[in-house]
Structure formats: C-alpha cells, structure tokens
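Residue numbers for the sequence shown follow full-length UniProt numbering, so the first one is 1 and each next one is one higher.
Everything below concerns the one structure shown next.
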Amino acid sequence: EPPDTPRDFSCQTQDMKRVTCTWKEGETYLYGENLPRYTLSEMSSQKTVLCEGSCSKLCSCSWDIGQQWIWNVTVIVENPLGKKTATDVFDVNHRIYPTAPFQVWEDCTDTEITLHWNYVNNEIELFCQTEVRQPDGKIELHNSSVVGSKRVTVRRLRPYTEYTARVRCRAAKHFWRWSDWSQPLTITTKEGTPSGKLDIWREITPVLGGRNVTLFWKQTASFQANGKIISYEVTWEKIEDGSKPESSSFSSVHNSTRIFIDNHSYRISIMAKNNVNISLPSVLIISKATDNKILFSSFLGTEELKEGQVNGTDDGIFISWEPRSIYDSYIIDWCNFPRLQPCDLQWKRFGPNTSSAVISSAAFIPGVRYKFCIYGSVANRASLLEKKIGYLRELPPHLDPVVRKVDLTYNSVALSWDSYFTNESDPGFVRGYHVYVSPIQGNCNLKGSKKHILSDDSELCKYTIENPEEKRYTVKHLMPNTKYKIVVKAFTGGGETPIVNFRYIDTPSNSNMLYFVFLLVIVPILVAALCHWKMDWVKECFCPVIPSPNKSKVLSFKEFKIDSEKVLKINDCLPDMLAMDINTERKNH
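What follows is the structure in structure tokens.
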C-alpha cells in the first residue's frame, strides 16, 4: 500500500541547540528496498534537506538549530506506490522539553525535607515540581516557589518516617512538556519526641501484706513513637504520704511488668523513651485495698459479682453493659488464651457514651469460654462494674447426664439424673435436656412428644426440658408389657452430641386389667366348679324337690285308697290353721 500520512508529527528541543522531530508511521506491507523513506526539509531555509528519519518504535530525526528560532518543517514519506507529507511550524523557545533533573540529594529534620538537584542546561529558566510518596501510598505534589531554583522544602512530615521523592521540571515561560522524573530518592526523617500517650492497664492480685500489680502497656493509633523506642520508664508512688517515688526501666522488647505495693493508694505512670526524649506519662490510680470492695470480696469470697452470659456473632462476641454517668470511659479486659498461664490479657477502651461493643480477636475459637470484665474509669481510677462470660460459638456438651434412677409403671417411666456439673472447660452453656423414647418394635407416637428422625431413618419421640436445673422427668402414655429404648441428652446453644447409647426398659403388665380379667373369668369358673362339686346341696338349697302325694306315708293306709289313687280327706287331718281364700271362692262361684 502507499504510505500513510505521518501521525503525531511534532518537534522539540532539550538544550536549545538541537531540534528533534518525532512521528508515528503506518503499515505499508512493503519490505527491503521498498520500505518507506522519510525526509525532513525546511521550506524557508536554503538547506532543503534537514535530515533523514529512522524508525523503530517511534520515528525521529534531529538537526542543529544554529541561529534560526522559527521553523517550518515538513516530513516527506514515500515508497514506490506513493508519497505523503506532514508539516509543523514552531518557535524553538516554545518547544522546550527539559532533560530529567539529576544528582538529587536531601537535607532533613524530624518534620521537614529539603530536596536539591541539578539539570544539564543552566541557561534555561525552569520551574520544577517535587512528588513525595507517603508510607500509605498517598502522593503529594510540591512546586518550587522560585523560578530557576534547584531546591524545594517539604514540611509537616512525620518524624522517623520513610518517604520517597522525585523531581521534574518544565520551561518557566512557555510550557510545552514536563521533563521525565528524576530517579526516586528514599528519605527517612529524623527522630522526634514521642507524641501521645501509651495505653496502659493493670491486673491486681491480693497477697499477704499487700498486692501484686501486673502492669501492661501498648502503643495505639493515637501514640506516635517518632523514633526507635529504647525503653519504657515505670514509676509508682504512694498518694497519701508523699513518699519518694520508685521507678524502673524496661527494654523496648517488654510490654508488661509486675510490681508489689502495700495496701495504700498508689499513682503509677508509664512513659516511652526514644533517642530524643520521653513521651507524656500515662497514669493509673490504684485505690486503697480497704476501699476496693470488689477486690476484697473476690479475695475473701464474700460478694462475688454474678456473671452474665453473652453471645457470639459473625464478627466477634457482643457485650453490653449498663452505662453510668459518673465515668469518663469504660474498659473491657479478657484473656485471649484463658486455659493458659499467662493468658495473654487484652483490653480495650471505650468512650463515656458507649454501652455495647463487639470484641473480636484472631485468637478466639469456638467451644472456648471467655470471661470479660467491664470497668468504669474516672480520673484514672477504675472500678469493676460487671462480669460476662460467653463463647464465639457454642459446641455440643462433652458429656451427657448420668441417669441414676428409673421408676416404672405399666404406662409411664420416671427418670432421675445427677445435676450437670458445669465448669470453664465446657464447650457451651447447658440450656436444658432432651429425653428420647421409642419402642423396640414399631414407630413412636406418644402424646405430647415431637417426632425426631435419626440418621438411619429410625424414629424417636422427643421431649424438651428447657430448665437446665431440672433433674427429673416422667414419660407418660407408654404401653404396658412393652420394651422401650430411652436416652437423656444435654444440649447447649451448639446443639447436642449424636445419639449412640440407649438404655432399655420393660414396662410391667397392667394390674388393673388383671383384676378385671380375674373378676370376669376366674371368679365365674371357680363358682361353677364349686357348684358342680356340691350339686346335691345346691339343688336342695336352691331347687328343692316337690313332694309327691303318692309317696306320702300318711296315704299308705288302705282306707285312704279309692281305686288305685290315694286320697286324703280333709276331715282326716287336724290342721293347725285354716285360711279361706275369698277371691278364689268368688271366682269359683
């Protein structure tokens, strides 16, 4: 194809001595001796051809300026199939593209950096700009205040902090293009006095004759070391008698120490020290042992605060407390590893208007009970307000209750078990119990129960007891003379362990039913047998034989016989009493 018109054709100078023009070439699909040929010429100059261009990634061509400042340059591209041109008219003074500054160095204090540099052509008036990259990646640009200046001062920096800086320049009068950036320079400001205060806390343990106080400290976002911390200075003194303070110094690798104090009130301060100075003191007030009722009640076991239960969330463990207007802040402390000693005590501070928080830690794991103490603080004096215990996530209990007693009737079973012994190693709070019952043969459909399906698709009747203090339950509506399997399971907020072992029971026969059967069957049989045995006596008592007149001895005399019949005449008998049946006589008449 014939050549395309050169694209992005422009010319500039870096030293006011030589001009370089650049452009982009198009694709012609010609190679070898047929490649396009580029020629630059100046229309008003006697020198027709200024230079011949060469191309790699970008085409360019350069020539000496001499004494000419205004140029009308044309680039001609041609191959055997055609020719194209592009023109650029310019003033050299308006086309200055400086070289990058070099020999960059710095002077610095704890909060300022002054950058210095050089550039190749000092005859050109340049305006320079400095880029400063903060440790967090944020970039700030600072312009030099004086044209031609070879330095710039950057202020309001942080002490003992690493910054990266670089410089670029442009023509002061006619802006054409920024130079390339200089090589980046890494600078660390000098150390300064630590700013802010350490966050400090304590753990008090009563001992004979006084108290052991374990002191903890850490750096927070509000504290700036402004240098390399070389030590921590701890001072403690009695408040009442103004005795001489005691002090101790600890290397920077420490973040805790233990001191012994008597039962008086003490003022404790901790400061961080670097190579320049020390920080402002962080202060704690330890009250008199006699005034610290909560401490002594804990030590003597007389008035222990009740521990409230708290729940875990996706983000941590949620804790709330009752706010009191007298406190200017609240502190929550806990152990990251409550089953170890030392337990890695942690604490967190909250403002006076806060009454809840989510405590999170990478050390929290499911099934571990964590204890939280909530303190109110006023004038650096802390008081224990509440205690909370909870889990990041509860797990099923390790053990099931041991059933000690089983009382059976023909249609019920009464179960009794030992109190569930709870301790800090439990994987969850016991919320209650489940009683599972099922006959060995067939499915369970007891009244008042819920259906529960096991993993093997077998069916159980389930009863729920939501009181963890309950130790007895009666399952009713059982069938007499039937074999059942039964189990009692404790459950927590994390559920219960799988059902594995059952206890088997056999309900007795129904005694009332036997009595009923006895009355309906056995008694009649006995009566019949007795009657059969004493048949003559029964017949004589209940069915006597009616005497026949023909067998009467009275009629055995001959004079009483008429023909073959024996006849008894009334006048032959002397009756004891004679009664007349009038009704009968009337009927006969």
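Ideal Cβ placement from N, Cα and C applies to all residues, glycine included.
Here the structure is a predicted model, which is why all the values come from computation and not from measurement.
{"Check": "Per-residue burial, Thr189 [other beta carbons within 10 Å of its own, 16 or more giving buried]", "Outcome": "buried"}
{"Check": "Euclidean distance between Cα positions of Thr214 and Ser416", "Outcome": "48 Å"}
{"Check": "Bridge partner(s) assigned by DSSP for Trp71", "Outcome": "Phe90"}
{"Check": "Test item: CB-CB of Pro401 and Val488 under 8 Å", "Outcome": "yes"}
{"Check": "Cα-Cα separation, Leu295 to His434", "Outcome": "For Leu295, the predicted model reports a pLDDT of 41, less than 50, meaning its position is unreliable; a value from the coordinates is still stated below. Taking the straight line joining both Cα atoms gives about 40 Å."}
{"Check": "Buried versus exposed call for Arg168 [16 or more other C-beta atoms within 10 Å across all chains shown]", "Outcome": "buried"}
{"Check": "Local conformation of Leu300 per DSSP, three classes", "Outcome": "Low confidence applies to Leu300: its pLDDT is 37, below 50, so where it sits in the model is not reliable, and the reading given next is rough at best. Of the three classes helix, strand and coil, the one that applies to Leu300 here is helix, per DSSP."}
{"Check": "Element boundaries [beta strand (DSSP E), containing Arg369]", "Outcome": "369-378"}
{"Check": "Segment contact flag, the segment 196-211 with the segment 114-125, C-beta cutoff 8 Å, min 3 pairs", "Outcome": "no"}
{"Check": "Length of the line joining the Cα atoms of Tyr370 and Ser438", "Outcome": "39 Å"}
{"Check": "Where Pro524 falls: helix, strand or coil (DSSP)", "Outcome": "helix"}
{"Check": "8 Å Cβ cutoff met for Gly316 and Val358", "Outcome": "yes"}
{"Check": "Limits of the beta strand (DSSP E) - the one that Gly210 falls within", "Outcome": "210-218"}
{"Check": "Environment of Val253 [buried if 16+ CB atoms lie within 10 Å]", "Outcome": "exposed"}
{"Check": "Contacting residues, own chain, Cβ-Cβ under 8 Å from Asn353 (five flanking each side not counted)", "Outcome": "Pro323"}
{"Check": "One or two residues paired with Asp407 in a DSSP bridge", "Outcome": "Ala414"}
{"Check": "For Cys343, three-class secondary structure by DSSP", "Outcome": "coil"}
{"Check": "Euclidean distance between Cα positions of Phe372 and Gly493", "Outcome": "19 Å"}
{"Check": "Environment of Gly301 [buried if 16+ CB atoms lie within 10 Å]", "Outcome": "In this predicted model, Gly301 has a pLDDT of only 42, less than 50, meaning its place in the structure is not dependable; the value taken from the coordinates is given anyway. Its Cβ having fewer than 16 others within 10 Å, Gly301 is exposed."}
{"Check": "Contained beta strand (DSSP E) runs [length at least 3] in the segment 246-273, N- to C-terminal order", "Outcome": "246-251, 256-261, 266-273"}
{"Check": "CB of Gln129 within 8 Å of CB of Asn143, strictly", "Outcome": "yes"}
{"Check": "Contacting residues, own chain, Cβ-Cβ under 8 Å from Arg158 (five flanking each side not counted)", "Outcome": "Thr111, Thr189, Gln224, Asn226"}
{"Check": "Leu185 beta carbon less than 8 Å from that of Val104", "Outcome": "yes"}
{"Check": "Residue interval of the beta strand (DSSP E) (run including Gly308)", "Outcome": "307-312"}
{"Check": "Cut-off 7 Å between Cβ atoms - residues of its own chain near Ile70, not counting five sequence neighbours on either side", "Outcome": "Asp91"}
{"Check": "Selected residue, minimal CA-CA separation from Arg393, among Asp107, Trp178, Phe429, Asp328", "Outcome": "Phe429"}
{"Check": "Exposure of Ile187, with buried meaning 16 or more beta-carbon neighbours within 10 Å", "Outcome": "buried"}
{"Check": "Proximity to Asp418 [Cα-Cα], best of Arg472, Phe502, Leu454, Glu106", "Outcome": "Arg472"}
{"Check": "Bounding residues of the beta strand (DSSP E) (the contiguous stretch that carries Asp333)", "Outcome": "329-335"}
{"Check": "Residue burial classification, Phe9 (beta-carbon count within 10 angstroms, cutoff 16)", "Outcome": "buried"}
{"Check": "Beta-carbon spacing of Pro3, Gly82 below 8 Å", "Outcome": "yes"}
{"Check": "DSSP three-state assignment for Trp181, whether helix, strand or coil", "Outcome": "coil"}
{"Check": "Beta carbon of Ser269 nearer than 8 Å to that of Val283", "Outcome": "yes"}
{"Check": "Candidates Glu386, His398, Asn411, of which the one nearest Pro498 by Cα", "Outcome": "His398"}
{"Check": "Which listed residue (Thr507, Phe337, Ala100) has its alpha carbon closest to that of Asp15", "Outcome": "Ala100"}
{"Check": "Collapsed DSSP secondary structure at Cys444 in the structure displayed", "Outcome": "coil"}
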